[in-house]
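Residue numbers (the working numbering): 8 to 343.
Heads up, the beta-carbon is just placed ideally off N, CA and C, and yes, glycines get one too.
Below is one structure; the comments refer to it alone.
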Ligand code: GYE
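And the structure:
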């Protein structure tokens, strides 16, 4: 008993240090979760599931909407969710996964901050018999049996759509500035790849400025200010890898006395309500959606993985897009 107490205390202490917070108590059949609802498992005779969620952080409106979607869906299903905010650091995510393994969670959802470096910890989860579902972003691993499935959008296609749109809008001629997401993340690598592959087909278009904006509004603004100082009058369009950075760029363009959407075209990805509104207001030209409300899909996947049901390696979301033909009509329908 003594050892049990010490190790339980140890786990709790570690969980506290790492900032892991449970949404419900880990409980057995029929116990109440923190929502006060009887866990679904109580009705069906199944044990309540405990799922660890290693989230990237809160870098963007998209990310916060995704966190809320996962937390809401866990409540609906009576799942005990242990949430960890990685604060944009891979080391925090790896520590969180180690703690989930020690806690014997039933499954793990991981939104990886970067693509490389997760192989050893994913192997540990696999050896412990804990399935991992990837949220929105891919990892690079030699052995893809280290995760059950990935639920998310096609980032290469999102980048291509922005490239085609801007190239056409510029009539095949002009200079584009690119503001990238956090280096080494799947959306940064893949959106860049899709975008640049399309731009390469237009000899009259050049990418004249390119820097990392970490998917954050303030950083996007800072990067755009530097681009404008260096190259202001020559920039015809900006492609930001997400809406928050585009919204920051719009502020920078306005503060420099120019008109975003006219003097400098703006295109980005995510589908945040504020960005769709910017398109409706004519301050931006294109917003490609990247579905953020992934909670239901992620829990369907993790429940199937726990039940050892076969799963496709990737479930791809179908994304819409907003431009001057539909943004004003659709802005009120946006949920994030
Ligand atoms: O576009 C961005 C977020 O991985 C799809 O990460 C996600 C991206 C999203 O920070 O806003």
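| Query | Result |
| --- | --- |
| From 145, 70, 77 and 66, residue whose alpha carbon lies closest to that of residue 58 | 77 |
| Cβ separation of residue 72 and residue 285, assumed to be a contact under 8 Å, to the nearest whole Å | With 8 Å as the limit, residue 72 and residue 285 do not qualify as a contact, their Cβ atoms being about 17 Å apart. |
| The ligand GYE heavy atom lying under 6 Å from the CB of residue 70 | yes |
| Identity of the residue in 235, 311 and 248 nearest residue 262 by Cα | 235 |
| In chain order, each beta strand (DSSP E) run of at least 3 residues that lies wholly inside the stretch 53 to 91 | 57 to 62 |
| Residue from 197, 125 and 86 whose Cα sits closest to the Cα of residue 104 | 125 |
| Backbone secondary structure at residue 272 - three-state DSSP | strand |
| The stretch 129 to 138 contacting the stretch 215 to 225, beta-carbon criterion three pairs below 8 Å | no |
| Endpoints, the alpha helix (DSSP H) within which residue 307 is located | 302 to 313 |
| Rounded C-alpha distance that separates residue 269 from residue 293 | 12 Å |
| Distance CB(residue 233)-CB(residue 247) smaller than 7 Å | no |
| Beta-carbon spacing of residue 308, residue 275 below 7 Å | no |
| Range covered by the beta strand (DSSP E) that runs through residue 233 | That residue, residue 233, is in no beta strand (DSSP E); its alpha helix (DSSP H) goes 224 to 238. |
| Cα-Cα separation, residue 225 to residue 55 | 41 Å |
| Where residue 246 sits in the DSSP three-state scheme | strand |
| Contact the stretch 159 to 179 vs the stretch 100 to 117: 3+ CB pairs below 8 Å | no |
| Residues of its chain near residue 334, where Cβ-Cβ distance is below 6 Å and the 5 sequence neighbours each way are ignored | 283, 286 and 287 |
| Which residues DSSP lists as bridging residue 157, in chain order | 141 and 321 |
| Reduced DSSP secondary structure (H/G/I, E/B, other) of residue 218 | strand |
| Any non-hydrogen atom of the ligand GYE closer than 6 Å to residue 144 Cβ | yes |
| Spatial neighbours of residue 32 in its chain, beta-carbon cut-off 6 Å, leaving aside the 5 residues before and after | Low local confidence applies: a pLDDT of 35 at residue 32 is under 50, so the model's placement there is unreliable, with the coordinate-based value given in what follows. Hits under 6 Å: none found. |
| Straight-line Cα distance separating residue 81 from residue 144 | 20 Å |
| contact_flag[the stretch 162 to 173, the stretch 200 to 215] where n(CB pairs < 8 Å) is 3 or more | yes |
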